[in-house]
Amino acid sequence: MAVVITIDGPSGAGKGTICQLVARKLGYHLLDSGALYRLTALAAQNQSVDFSDEVALAAVAASLDVVFKPAESGVKVVLAGEDVSRAIRQEVVGMNASKVAVCQKVRDALLQRQRDFQQSPGLVADGRDMGTTVFPDAEVKVFLTASAEERAQRRVLQLEQSGQAADYDQILLDIEARDKQDTERTSSPLK
Ligand code: DC
């Protein structure tokens, strides 16, 4: 089996940037597992699926028509033929992703799709449960974190640099709510 490096941690810790750099340097594949939860949330939003309907959410996750295309700026995410690379990064999609991620049926529906990324010569996997659940036998497991204040500050900078309005206090509250949801859920919590 191909080598796996897992990098888990809370949102905004810098996992995405580091995973991209490591994957590029080693010539490994890259799995952004958060994108799969974001895509499930976005597709559910678009299809007006009720977020409390676990069976419907799992069906959305199982039928995601997604392609990850290597691009200069990282990876282009195409959902049902539409480039959603920017859309899935919206704050509301992140919050909804955290909600759908609580659902065990959604996690089960996405499990094999994530494991399929383990291909030669190796994989760098970014997420919350990469080292604990998806790739428990990974050769290297990293837990990357930073204080909620530091992560909120970085998110503000990121939004401002892309020309979007950013409210530090609101972002900090959202980050704290998301941390709580991601660490306290029963299914594959962030550890
Ligand atoms: O890493 P991210 O912010 O793109 O992830 C969005 C949400 O998806 C996150 O709040 C929790 C969920 N997620 C998860 O439950 N398990 C993963 N392996 C990755 C993300």
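Start counting the sequence shown at 278; every next residue gets the next number (our numbering).
Note that beta-carbon positions come from the ideal geometry of N, C-alpha and C, so glycine has one too.
Best match in the options for proximity to residue i [C-alpha to C-alpha]
i	options	result
I365	D451, A318 and R384	A318
L275	K292, S464, S340 and Q447	The structure shown has nothing for residue 275, since the chain only spans 278 to 468.
T283	T294, V379, G404 and N323	G404
Q430	V383, A443, P466 and F420	A443
V411	R301, T294, G311 and V299	G311
A425	S288, E368, K382 and V417	S288
G358	K418, A348, Q396 and L341	L341
E427	Q458, L449, V281 and Q395	L449
K382	A423, Q438, D330 and V281	D330
Whole-Å CB distance - residue i paired with residue j, under 8 Å assumed
i	j	result
L400	Y305	6 Å
P398	A279	6 Å
A290	L421	5 Å
R390	S465	That pair is no contact at about 15 Å.
Close Cβ partners of residue i (< 7 Å) along its chain, the five nearest in sequence each way excluded
i	result
T351	Here the sequence assigns Gly to residue 351, which means Thr is not the residue at that position. Excluding sequence neighbours, G351 sits near Q297.
F345	V352 and V354
S326	The sequence given here has Val at residue 326, not Ser. Same-chain partners within the cutoff: A333, L334 and V337.
L387	L313 and A338
T324	In the sequence as displayed, the identity of residue 324 is Gln instead of Thr. So the qualifying residues of the chain are V337.
D456	P287 and A425
R392	V411
D451	E368 and M372
Own chain partners of residue i with C-beta closer than 6 Å, once the 5 adjacent residues on each side are dropped
i	result
V343	L316 and L356
V379	R462
T409	K468
V419	I284
T460	P466 and L467
V417	I282
Q458	S375
Any non-hydrogen atom of the ligand PLP closer than 6 Å to residue i Cβ
i	result
R390	In the structure shown, the ligand PLP is absent; the only ligands present are the ligand DC.
Per-residue burial, residue i [other beta carbons within 10 Å of its own, 16 or more giving buried]
i	result
A335	buried
M407	buried
G371	buried
R363	exposed
D285	buried
V369	exposed
D360	exposed
V281	buried
A454	exposed
A348	exposed
Residues near residue i by beta carbon distance below 8 Å, same chain, minus five either side
i	result
F328	A321, L334, N373, K376 and V377
Y445	A429, Q430 and V433
Q479	As shown, the chain starts at 278 and ends at 468. That puts residue 479 outside it, with no answer to give.
Q438	none
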